[in-house]
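Reviewing the structure listed below.
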Amino acid sequence: MNADSSFAAGLRRAPPSELCRDWSFVPSSPTLLSRLSRAKSFLMGFRPAPPYRALLPVTRRSRWNCYFLYLPDGQLTPAHRFTLKQLRALPGGLLAIAAAPRAEDLAVLEGSADALYWKGLRGFDFSAYSLALAEVAGRSPGADLLVMNDSVLGPFGDIEAAIARSPWDLTGFTASWLFENHLQSYAFHLREVTPERIRAFGSAIPQRVSLDSYRNVINVQETRFARLAARRMRVGAMWYAKGPALHDPSLQCALDLAEAGFPFVKRSLLGRYSHFQDREAIEALLASHGHPVPR
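Residue numbering for the sequence shown is 54 to 348, as defined by this note's numbering.
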């Protein structure tokens, strides 16, 4: 998810010295204000899970790569098409989960994926993650799962090498201390997905309910899923924001991360949060990878 607008305007570009490489998850205590906000989300935030339909179900494979696309107008962007092509080239099957007004809108994705699911527009990215985990655990138990959403562009570079060298069961690409230590949820990799393993996420990634407000998703899901998982598996991130002024490394350190092999670029660096980085440098980075540059 993108940085919260309540503090994003005050952030600055951060030096790479504020990043820690290959960080094994250590829980931290949320602030009192965070606890109170989280309690409100638990009491008032849960809604029924959005409807979904399996248009092309998951089958048994040793690896799945899941891409969640938000398509409120039922149309693919050039960035979507680039990511689909990149994920197609990775080992394993491509699982596309798209949120759109109607299942029929996913005709634009026919032939683009090995498994295809429609879900309703509500529920944010974690409702798609819940669906992906449940379907892979039930239909392809033991498979590894790479998940990403369309808030990031890519993947670029050798993401396979990065995943292969990860020592954890649950791997995030970046992690932050904000609210409490947590993995940023735009992308992660989970080894050996089984029904027992996904139960480790508990109320952070529930199967029958969802949260339909940005703040509630942050409070209950993004900032908690790594901590809950760490009770039963090894959890870590390739980069961790250790500096007190570094809240969101994917925004504040984007160019330094790219130079170090980070495989994504936040889409919001070309829009809402373009002030974090030099836009021309971001466009040049995308062009160097053959990614279409928005004009």
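C-beta: ideal position from N, C-alpha, C; glycine also.
Determine whether the beta carbon atoms of T276 and R91 lie at a separation below 9 Å.
Reading the sequence shown from its first residue, position 223 is the one you call residue 276. Reading the sequence shown from its first residue, position 38 is the one you call residue 91. Yes, these two residues count as a Cβ contact at 9 Å.
Checking the sheet assignment: what are the DSSP bridge partners for M349?
Any question about residue 349 goes unanswered here, given that the chain covers just 54 to 348.
Collapsed DSSP secondary structure at D75 in the structure displayed:
For the purposes of this step, residue 75 is taken as the residue at position 22 of the sequence shown. Collapsing the DSSP output to three states places D75 in a strand.
Counting only the same chain and skipping the five closest in sequence on each side, list residues whose C-beta sits under 6 Å from that of G255.
Here residue 255 refers to the residue found at position 202 when the sequence shown is read from its first residue. Apart from sequence neighbours up to five positions away, the residues of its chain that approach G255 with a beta-carbon distance below 6 Å are L281, ordered along the chain.
Beta bridge counterpart(s) of I150 as assigned by DSSP
Within the sequence shown, the letter at position 97 stands for residue 150. According to DSSP, which records beta bridges pairwise, I150 is partnered with F121 and Y170.
What do you get for L113, buried or exposed, if any count of 16 or more other CB atoms within 10 angstroms of its CB means buried?
The residue given as residue 113 occupies position 60 in the sequence shown. In the sequence on display, residue 113 carries Arg and not Leu. The Cβ neighbour count for R113, taken over all protein chains shown within 10 Å, is under 16; the residue is labelled exposed.
Can you tell me whether DSSP reads F241 as helix, strand or coil?
Residue 241 sits at position 188 when you count from the first residue of the sequence shown. Here DSSP, grouped into helix, strand and coil, assigns F241 to strand.
For S219, does the count of other Cβ atoms within 10 angstroms reach 16, so buried, or fall short, so exposed?
Taking the sequence shown and counting its residues from 1, the one referred to as residue 219 is at position 166. Buried, since its Cβ has 16 or more Cβ neighbours within 10 Å.
Relative to the C-alpha of A102, which candidate in R88, F209 and P259 has its C-alpha closest?
By one-based count along the sequence shown, residue 102 stands at place 49. Ranking R88, F209 and P259 by Cα distance to A102 puts P259 first.
Am I right that L358 and Y170 are in contact with their C-beta atoms under 8 Å? What's the rounded C-beta distance?
Past the edges of the chain, shown from 54 to 348, lies residue 358, and the structure says nothing about it.
Just to confirm my understanding: we take D167, look at its own chain, exclude 5 residues before and 5 after, and list those with CB closer than 6 Å. What are they?
To locate residue 167, count along the sequence shown from 1; it is residue 114. Once the five neighbours on either side are set aside, the close Cβ partners of D167 are G146 and L147.
Would you check if the segment 197-206 and the segment 118-131 touch, i.e. whether three or more CB-CB distances between them fall below 8 Å?
The segment 118-131 is in contact with the segment 197-206.
Can you give, in chain order, each stretch of the beta strand (DSSP E) that sits fully within the segment 255-310 and has at least 3 residues?
For the segment 255-310, the continuous beta strand (DSSP E) assignments of 3+ residues that do not extend past its boundaries occur at 262-264 and 288-294, in sequence order.
Go through its chain and collect everything with a Cβ distance to G195's Cβ below 8 Å, but skip five positions before and after it.
Along the sequence shown, read from residue 1 onward, the residue named residue 195 stands at position 142. For G195, where only same-chain residues beyond five positions count, the Cβ hits under 8 Å are S115, E245, V246 and T247.
Under the criterion of a Cβ to heavy atom distance below 8 Å, does S183 qualify as lining the ligand FAD?
The ligand FAD is absent from the structure shown, which contains no ligands of any kind.
Sub-9 Å separation of L206 and F135 beta-carbons
Translated into positions along the sequence shown, residue 206 becomes position 153. Translated into positions along the sequence shown, residue 135 becomes position 82. The answer is yes: Cβ separation under 9 Å.
Rounded to whole angstroms, what's the CA-CA distance from M3 to N272? Just pull it up for me.
There is no way to answer for residue 3, as the model of the chain reaches only from 54 to 348.
When DSSP labels each residue in this structure, what does F226 get in the three-state scheme?
The sequence position of residue 226 within the sequence shown is 173, counting from 1. The three-state secondary structure of F226, taken from DSSP, is strand.
Around the Cβ of G289, are there at least 16 other Cβ atoms within 10 angstroms (buried) or fewer (exposed)?
For the purposes of this step, residue 289 is taken as residue 236 along the sequence shown, with counting starting at 1. Buried, by the Cβ-count rule.
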